[in-house]
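So the structure is just underneath, and the comments pick up after that.
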Amino acid sequence: MIVLAGTIGAGKSSLAKALGEHLGTDVFYEAVDDNPVLDLYYQNPKQYAFLLQIYFLNKRFESIKKAYKADNNVLDRSIFEDELFLELNHKNGNVTKQEVDIYKELLDNMLEELEGMPKKRPDLLVYIDVSFDTMLARIQMRGRDYEQLESQEGLKEYYQQVHNEYPTWYEKYEVSPKIRINGDAIDFVNNSKDLEAVLEQIDQQLQVLNLK
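Adding 283 to a residue's 1-based position in the sequence shown gives its number in the working numbering.
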């Protein structure tokens with residue numbers, strides 16, 4: 284099982300699709316386009332932050348349970364990243380300390396449940412590291428209205444916060460082996476040769492881990 288990680292607009296879904304086709308595996312995508320809460324969150328973070336976090340936690344738990352039961356698959360974001368967004372919402376006053384405690388207790392219970400699955404943890408995490416400018420350009424390119432900077436005041440500052448949190452999160456991640464992809468130097472979203480280079484890098488890491 285390969286888990287992709289990275290900030291909003293890093294290119295996780297694009298790489299997940301290509302990786303799934305390359306390896307002949309199932310792909311579990313983040314619940315975004317059919318998410319009934321996400322647009323509401325962008326309109327009113329203080330009212331909907333906790334609901335959004337619970338929604339994502341539930342969907343990612345569902346996906347990772349399905350993924351753990353299969354031999355080979357790819358997730359374009361996993362349950363292990365969710366706490367980053369929760370902590371950021373807490374810093375911004377969008378969730379209370381009590382809500383944080385409830386969330387973490389629920390997350391701990393879910394992770395304990397995963398310990399009983401055939402697979403205990405991902406085999407590899409692929410972190411896509413992009414600059415803030417690349418992040419903004421990709422968000423604009425995919426065109427979701429509620430994600431655009433002009434849709435609401437303060438959104439650029441929020442994106443900057445999210446971007447700043449990821450390097451520390453990646454350094455602290457210890458659930459599985461991990462590799463970092465430079466999403467600025469290697470434009471796997473728009474350049475087929477760059478995509479081939481990324482897939483080869485992942486193949487090499489799988490070989491090192493005796494997974495291919």
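Backbone N, C-alpha and C define an ideal beta-carbon position, used for all residues, glycine too.
Ranked by how close their Cα comes to the Cα of Gln336, the residues Glu382, Gln435, Tyr456 have Glu382 in first place.
Restricting attention to Lys342, Asn341, Lys349, Leu397, the CA atom closest to the CA of Thr308 is found in Lys349. Under DSSP, Lys455 forms no beta bridge with any residue. Ala332 carries a helical assignment under DSSP once its states are collapsed to helix, strand and coil. Remark: C-beta atoms of Leu438 and Ala301 do not approach each other more closely than 8 Å.
Taking each of Glu398, Ala480, Ile285, Tyr453 in turn and checking the Cα distance to Tyr312, the smallest one comes out for Ile285. Assignment of Leu407 by DSSP, reduced to helix, strand and coil, places it in the strand class.
Your pair Ile411 and Gly294 checks out as a contact, with CB atoms roughly 6 Å apart and the cut at 8 Å. Shortest Cα-Cα distance from Leu394 to any of Tyr331, Val445, Asn473, Asn341 involves Asn341. If you draw a straight line from the Cα of Gly426 to the Cα of Leu287, it comes to about 22 Å. Per DSSP, reduced to three states, the secondary structure at Phe363 is coil, with no helix or strand assignment.
Taking every protein chain shown into account, the CB of Pro328 has 16 or more other CB atoms within 10 angstroms, so this residue is buried. Contact between Leu407 and Ile347 does not hold, since the beta-carbon distance rounds to 14 Å and is not under 8 Å. Fully enclosed beta strand (DSSP E) runs of no fewer than 3 residues occupy 407-412 of the region 373-447, in order along the chain. No Cβ-Cβ contact shorter than 8 Å links Val378 with Phe415. In this structure, Tyr325 and Tyr429 form a Cβ contact; the two beta carbons are roughly 4 Å apart against a cut-off of 8 Å. Nearest neighbour of Ile485 by Cα position, chosen from Tyr351, Val320, Val357, Gly292, turns out to be Val357. Beta-bridge analysis with DSSP links Lys461 to Leu408. Thr290 sits buried, since 16 or more C-beta atoms from the chains shown fall within 10 Å of its C-beta. Counting only residues of its own chain and dropping the five nearest sequence neighbours on each side, Pro405 has a CB closer than 6 Å to the CB of Met284, Val286, Ser459. A direct Cα-Cα distance of roughly 15 Å separates Tyr453 from Leu371. Ranking Gly303, Val320, Lys403 by CA distance to the CA of Lys352 puts Lys403 first.
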